[in-house]
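All remarks here apply to the structure that follows.
Protein chains in written order, with this note's numbering: chain A, 1071 to 1403; chain B, 1071 to 1403.
The following block contains the structure:
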C-alpha cells in the first residue's frame, strides 16, 4: 500500500483538519464528535441540511458544505457509517428553527444511524425529515444495502435541496424537492482497479489486467458483471442503457448529465465518456441541458467512473443554477 | 494498460470534443487546427491570454478557459507540445486589439513552438508578449527542459494574469503581473506511481512497491531522489523545505498555498499534505492567506502530489479573488 498518509488510524481526522485549514472561510470543524459545519450555522429561519457517511468518497460530503448546499457533513471512518452521536450533534448545530433535513445514501449502516440520530434530535425538540438516495441502477440488493445503493446522484440531491433551503423553503418543501430529485435521478458505475482502504492495507477486490467491473459500488461492492476491457464508447453505452431504461428517460426529456470520476481516473477519460454519453442521449432525443464532469463521489484511488442522469424540470434547473459556495462546487458567489 | 479510451490516437480530440459538449456556455473548439477558445472571444479592447502544452495535465489548460482566466488553450498530443500552427490560430482568435499574452511552461518544445507562433503572429500584426513559467525547484535542467520546469504554479499565473486582463490592464501590465507571479511562486512534486501515456501503453518509469520519487516532473521526468515511502508529514516537509529556502519565503510573508494532485491521488491524501504544509508554514511565521487543493496540474493517472507556494501582495490577492468562470476554477460568476 502506497499512500500519502501518516498513521492509517488518523486518515480521516487529519484530512478533516487539513480541510478545515484550507477552507476557514467556509467551514469549521467539531473534532469530538467529528463533523464539518458551515461557518455561519445555524442559519436562523432556514432549513438545515445534514448529510454524511463513510469517508473515502471525497469531496462527498464535506466538500459540499457551504452556502447554497449542505449545512453540515458527518464523516465516518473510511467506508464506514458515522455513529448516531456526531449526526445528532451536527443536526443540532444546524437547526435554525425551521427544522433539519437528513440526506442519507442507502446503505444499511447509514440509514440506521441517521434514523437513530433523527429520533434523538426529535426527542430534543428538533424537527427532522429524512430522504434516502438510491440512484444506482446496477443491482437491487448489495453487500451493505437493502434496495438500491446511493451513489453520485447524491451530489445533485444535495445541491438542489440546498438551494431550496437557501431560498427559504419550508422543511416539507425542501424534503419534497429532494424526493423529486431522488425519483428522477439514476446512476451506474464501472471500475478498472480497486481501491485500498488504509486500515486494511490491501485492495478491496481484484480485477485481472484486462478486466473491468460494470455496475461497481462506491465501496467496491460487486456490480453486474465482469467483462474484458472494451472501448470507452462501448462502456459508456453499457452504463447508459440501463440508466435510460430504468426511469425510463424518453425523447423530449431535458436532463443533467454527470460523469463522475472514482478518484484515480484522469479527466481526459471522463470527458471521453461524457462525449459518448451526450451523443447517445442526443440520438435518443434526450436533451442535455446541464452537465457536471469531475471527481465528486469517489472511492479513494479507484480507477473508474460513473454516469448519472437527472431528468430536469424548470424548478430543478433553476435550483441547480442557484449560487453555491463550497470547496468542491462553487458558482455565483 | 487499462484506460477508458477508444483508439489511443484519438484520446485528445475525443476528450476535447467531450469538453466542448460539457461546457458549451464557456468554450467553443476549433478542430483543425485544434484549440479551445472562450465562447465570447475575441474580447474587444482587452488583452487576450493563450496558454497550452502537451495534453495529459487536465484541467490544465482547457479547464481554465473562460471569463477571468484564459482566452484560449492549445492542447498538444499527450505530453507533447502543440505545433506553432494551432498556437498561431488561437492567438489570432483571441486578439481583441490590445495584444495577446502567451503563458508558456518551461519545456523546450513549448518554448520554441510558442516563440515561432509569436513571431508569425507579429508578422500578421498581432502584438504578442510571452512569459515562461519555471516554478519547479526540484531540478535545474531536466529531460525536456533547459532551466527549471513549469508545473502547477502555472495555474496561479493564469488566474492572476487573467484577472488583470479582465479588468482592462494593458499588455505590458498583464505581462508584468504575470512575471511578478512567476518571480514569487515555487513548487515541488512527489510521485508514488507512474502514469501511462496512451499511445505508449506502458508506464513512463517504474517505482518499487515501497518507493517514491521526490521532485518528479509532470511527465514523469526524474526528480531529486528516490526514497522509501515515508509518512505524509515527512514527505510534505521534504517538498516544502526546498520551496521555502529557494525564494526564500520568510516570516511575515503572506502566501497562497496550493496542494495539487497528480491525477490518481484521493482528496483525503491531498488534505493530509495540506494540513502539514500549512502547519509548517505557520511554524515559520508564514501566513497562509489563500489556499487551493485538488487536481489542477496532473500527469494522467499518476499517484502523487505537488506543493506550490506563492508569495502574495495585495494586488495579487485581489486578482486571485476576482471573479472567474471556467470549467475547473469558478467563483463570483
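Backbone N, C-alpha and C fix where the C-beta goes; we use that ideal spot for every residue, glycine too. This one's a predicted model, so the numbers in the text were calculated from it and none came from an experiment.
Contacting residues, own chain, Cβ-Cβ under 8 Å from residue i (five flanking each side not counted)
{"i": "residue 1277/B", "result": "1261, 1262, 1263, 1264, 1283 and 1296"}
{"i": "residue 1132/B", "result": "1086, 1089, 1097, 1106, 1143, 1145 and 1397"}
{"i": "residue 1281/B", "result": "1296, 1297, 1298 and 1299"}
{"i": "residue 1104/A", "result": "1082, 1083, 1086, 1144, 1145, 1152 and 1156"}
{"i": "residue 1305/B", "result": "1260, 1282, 1284 and 1343"}
{"i": "residue 1352/B", "result": "1358"}
{"i": "residue 1251/A", "result": "1223, 1226, 1227, 1230, 1231, 1380 and 1386"}
{"i": "residue 1111/A", "result": "1118, 1141, 1142, 1163, 1164 and 1166"}
{"i": "residue 1408/A", "result": "No answer is possible for residue 1408/A: it lies beyond the span of chain A, which begins at 1071 and ends at 1403."}
Under the three-state DSSP convention, the category residue i falls into
{"i": "residue 1134/A", "result": "helix"}
{"i": "residue 1125/B", "result": "strand"}
{"i": "residue 1301/A", "result": "coil"}
{"i": "residue 1372/B", "result": "coil"}
{"i": "residue 1247/B", "result": "helix"}
{"i": "residue 1014/A", "result": "Residue 1014/A is absent from the structure shown; chain A starts at 1071 and stops at 1403."}
{"i": "residue 1217/B", "result": "coil"}
{"i": "residue 1228/A", "result": "helix"}
{"i": "residue 1262/B", "result": "coil"}
{"i": "residue 1296/A", "result": "strand"}
{"i": "residue 1083/A", "result": "helix"}
{"i": "residue 1105/A", "result": "strand"}
{"i": "residue 1283/A", "result": "strand"}
{"i": "residue 1178/A", "result": "helix"}
{"i": "residue 1116/A", "result": "coil"}
{"i": "residue 1311/B", "result": "helix"}
{"i": "residue 1345/A", "result": "helix"}
{"i": "residue 1071/A", "result": "coil"}
Beta-carbon proximity of residue i to residue j, cut-off 8 Å
{"i": "residue 1225/A", "j": "residue 1367/A", "result": "yes"}
{"i": "residue 1382/B", "j": "residue 1359/B", "result": "yes"}
{"i": "residue 1236/B", "j": "residue 1137/B", "result": "yes"}
{"i": "residue 1188/A", "j": "residue 1181/A", "result": "no"}
{"i": "residue 1266/A", "j": "residue 1371/A", "result": "yes"}
{"i": "residue 1170/A", "j": "residue 1201/A", "result": "no"}
{"i": "residue 1332/B", "j": "residue 1373/B", "result": "yes"}
{"i": "residue 1214/A", "j": "residue 1271/A", "result": "no"}
{"i": "residue 1401/B", "j": "residue 1108/A", "result": "no"}
{"i": "residue 1127/B", "j": "residue 1356/B", "result": "no"}
Cβ shell of residue i (< 6 Å), same chain only, five flanking positions each side left out
{"i": "residue 1175/B", "result": "1123, 1203, 1220 and 1224"}
{"i": "residue 1113/B", "result": "1166"}
{"i": "residue 1386/A", "result": "1230"}
{"i": "residue 1410/A", "result": "Here chain A has residues from 1071 to 1403 only, and residue 1410/A is not among them."}
{"i": "residue 1273/A", "result": "1264 and 1266"}
{"i": "residue 1323/B", "result": "1356 and 1381"}
Cutoff 8 Å: residue i Cβ touching any chain A Cβ
{"i": "residue 1228/B", "result": "no"}
{"i": "residue 1258/B", "result": "no"}
{"i": "residue 1262/B", "result": "yes"}
{"i": "residue 1361/B", "result": "yes"}
{"i": "residue 1481/B", "result": "In the structure displayed, chain B extends from 1071 to 1403; residue 1481/B sits before or after that span and is not available."}
{"i": "residue 1311/B", "result": "no"}
{"i": "residue 1129/B", "result": "yes"}
Close beta carbons around residue i, own chain, < 7 Å, minus the five adjacent residues each side
{"i": "residue 1222/A", "result": "1257, 1328, 1330, 1366, 1367, 1376 and 1378"}
{"i": "residue 1268/A", "result": "1073, 1075, 1078, 1081 and 1148"}
{"i": "residue 1242/A", "result": "none"}
{"i": "residue 1407/A", "result": "A question about residue 1407/A goes unanswered here, because the residues of chain A that appear run from 1071 up to 1403."}
{"i": "residue 1348/A", "result": "1327 and 1358"}
Chain A contact residues for residue i, given Cβ-Cβ distances below 7 Å
{"i": "residue 1330/B", "result": "Residues of chain A passing the Cβ test: none, with the nearest at roughly 12 Å."}
{"i": "residue 1204/B", "result": "Going along chain A, no residue has its Cβ under 7 Å from residue 1204/B, so there is no contact; the nearest lies around 24 Å."}
Below-8 Å beta-carbon distance, residue i vs any chain B residue
{"i": "residue 1243/A", "result": "no"}
{"i": "residue 1378/A", "result": "no"}
{"i": "residue 1368/A", "result": "yes"}
{"i": "residue 1179/A", "result": "no"}
{"i": "residue 1299/A", "result": "yes"}
{"i": "residue 1089/A", "result": "yes"}
{"i": "residue 1303/A", "result": "yes"}
{"i": "residue 1121/A", "result": "no"}
{"i": "residue 1125/A", "result": "yes"}
C-beta neighbour in chain C for residue i, strict 8 Å
{"i": "residue 1108/B", "result": "This model lacks chain C altogether; the protein chains it does include are A and B."}
Under 8 Å by beta carbon: chain A residues contacting residue i
{"i": "residue 1085/B", "result": "1337, 1338, 1339, 1341, 1342 and 1345"}
Neighbouring residues, chain B, relative to residue i (Cβ below 9 Å)
{"i": "residue 1373/A", "result": "1072, 1073, 1074, 1334 and 1371"}
Interface residues of chain B facing residue i [CB-CB closer than 8 Å]
{"i": "residue 1401/A", "result": "1395, 1400, 1401 and 1403"}
{"i": "residue 1081/A", "result": "1338 and 1342"}
Amino acids of chain A, ordered along the chain, whose beta-carbon sits closer than 9 Å to that of residue i
{"i": "residue 1291/B", "result": "Those within 9 Å of residue 1291/B in chain A number zero; the least Cβ separation is about 18 Å."}
Proximal chain B residues relative to residue i, where beta-carbon distance stays under 7 Å
{"i": "residue 1348/A", "result": "1091"}
Proximity test, residue i beta-carbon vs the ligand NAP heavy atom, cut-off 7 Å
{"i": "residue 1208/B", "result": "With respect to small molecules bound, the structure shown includes none, and the ligand NAP cannot be examined in it."}
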